[in-house]
Amino acid sequence: MRIFTLLLLLCALPASFEAQESLPVEISSLYSKYGGFEFAVMMMDRDEWEVYRAWEGYDQSAVIAVIERHQSTPEYLAKKESRKQQRLMRSGECDCWIEPSESYTEITPDMQQFTGGAGIDVDYSHGPLSLPFNFNLFGIEYSEFYINSKGLISFTEPVIDWTPEELPDANYNIIAGFWADADYRLTGDIYYRITPEAVYVNWVDVGYYNNHDDRTISYQVVFSEDGSIAVGDGNNVQLCYESMQWAHGDVGGTGGCCGTDPATVGVDVLNNQDN
């Protein structure tokens, strides 16, 4: 059996080398740097992803398959469940947090659109999603919205911008739940629920760029039609922060903090004032 196995390995080596040699130099270099295609998918930075997506052999479905395999491993699922149990233990500490249930939709890798930067599970948007009511933001009514991986709800376009801007000078029509450089490859999910009166969006146990899960954040945005009791007190937007352990990605920061572009929260309309 050992001889047979060894022969199989020896026979497989030339094919492996041939496949590696047939790749463009820049792609072969990426695979060599990270130890192969699957590790590259999970670890490449934005500049490397731009090179990789420009390659004519780029296959997004293969990338999604790698991420889905990683997220189905026992180790990943165990960590996800452990973080959930920690949230549930803290449930009495945060009155506004609504734990996502089976009635929520999870934005899985195959549902992610308008990807840029580091792509799937890092820099993406989902939408447009239709609203069952007209949402009023500074006198402008919207009938659809986008959910963005960087902690934004946007209303006229998807927003894939990993550098937070100060309000009221942002260049988008947005609700900034926690506009920061999030990274979902090792940890983190986005869930949403649309009801006749309100929309609930939860960013849960989200890590930070580039590929960190030592600190996570969980927060929620609720927005509603005017007069809805879902938010109450005459408001139509609620921001809720369950657990916040980082505020800055690696671009300009270290260890989840201490950089020039920390997270931004609030609401803004292009060429208008924040609230």
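Taking numbering that gives the first Met the number 0, the leading residue of the sequence shown gets 0, the next gets one more, and so forth.
Built from N, CA and C at the ideal position, the CB exists for glycine as well.
Values in this document were obtained by computation on a predicted structure and should not be read as measured data.
- Query: Are residue 144 and residue 118 close, meaning C-beta to C-beta below 8 Å?
  - Reply: no
Validate contact between the stretch 145-152 and the stretch 69-80 using beta carbons, cut 8 Å, 3 pairs:
no
Please determine, among 84, 122 and 128, the residue with the shortest C-alpha to C-alpha distance to residue 48.
122
Starting from residue 230, trace the beta strand (DSSP E) in both directions and tell me its first and last residue. Here residue 230 belongs to no beta strand (DSSP E), and DSSP marks it neither H nor E.
Requested in this report: Would you mind reading off the limits of the beta strand (DSSP E) that contains residue 202?
Outcome: 197-207
*Where residue 184 falls, given that 16 or more other Cβ within 10 Å makes a residue buried*: buried
(request) With a threshold of 16 other CB atoms inside 10 Å of the CB of residue 216, please say whether the residue is buried or exposed. (result) buried
Checklist entry - How about residue 178 and residue 262: do their beta carbons lie closer than 8 Å? => result yes
field: Residue environment, residue 245, which counts as buried when at least 16 other CB atoms sit within 10 Å
entry: buried
query: Counting along the chain, where does the alpha helix (DSSP H) carrying residue 318 start and finish?
result: Since the first residue of the chain shown is 0 and the last is 274, residue 318 is not available in this structure.
task: Report all residues from its chain with a CB closer than 6 Å to the CB of residue 151; omit the five preceding and five following residues, and keep chain order.
output: 158, 173, 175 and 178
- Under the DSSP definition of a beta bridge, which residues are partnered with residue 123? Looking at the DSSP assignment, residue 123 forms no beta bridge with any residue, so it has no partner.
- Query: residue 112 bridges to which residues according to DSSP?
  - Reply: 124
query = Using the C-alpha atoms, what's the distance from residue 142 back to residue 153?
reply = 12 Å
Is there contact between the stretch 131-142 and the stretch 212-228, where contact requires at least three CB pairs shorter than 8 Å? yes
Cβ neighbours of residue 6 in the same chain (closer than 8 Å, five flanking residues each side left out): Note that residue 6 has pLDDT 37, beneath the 50 cutoff, so the model's placement of it is unreliable and no number is given.
DSSP three-state label for residue 192, please. strand
| Collapsed DSSP secondary structure at residue 214 in the structure displayed | strand
Quiz item: For residue 124, does the count of other Cβ atoms within 10 angstroms reach 16, so buried, or fall short, so exposed?
Solution: buried
query: Who pairs with residue 147 in a beta bridge, going by DSSP?
result: 124 and 151
Check: Which one of 243, 193, 31 and 109 has the shortest CA to CA distance from residue 65?
Finding: 109
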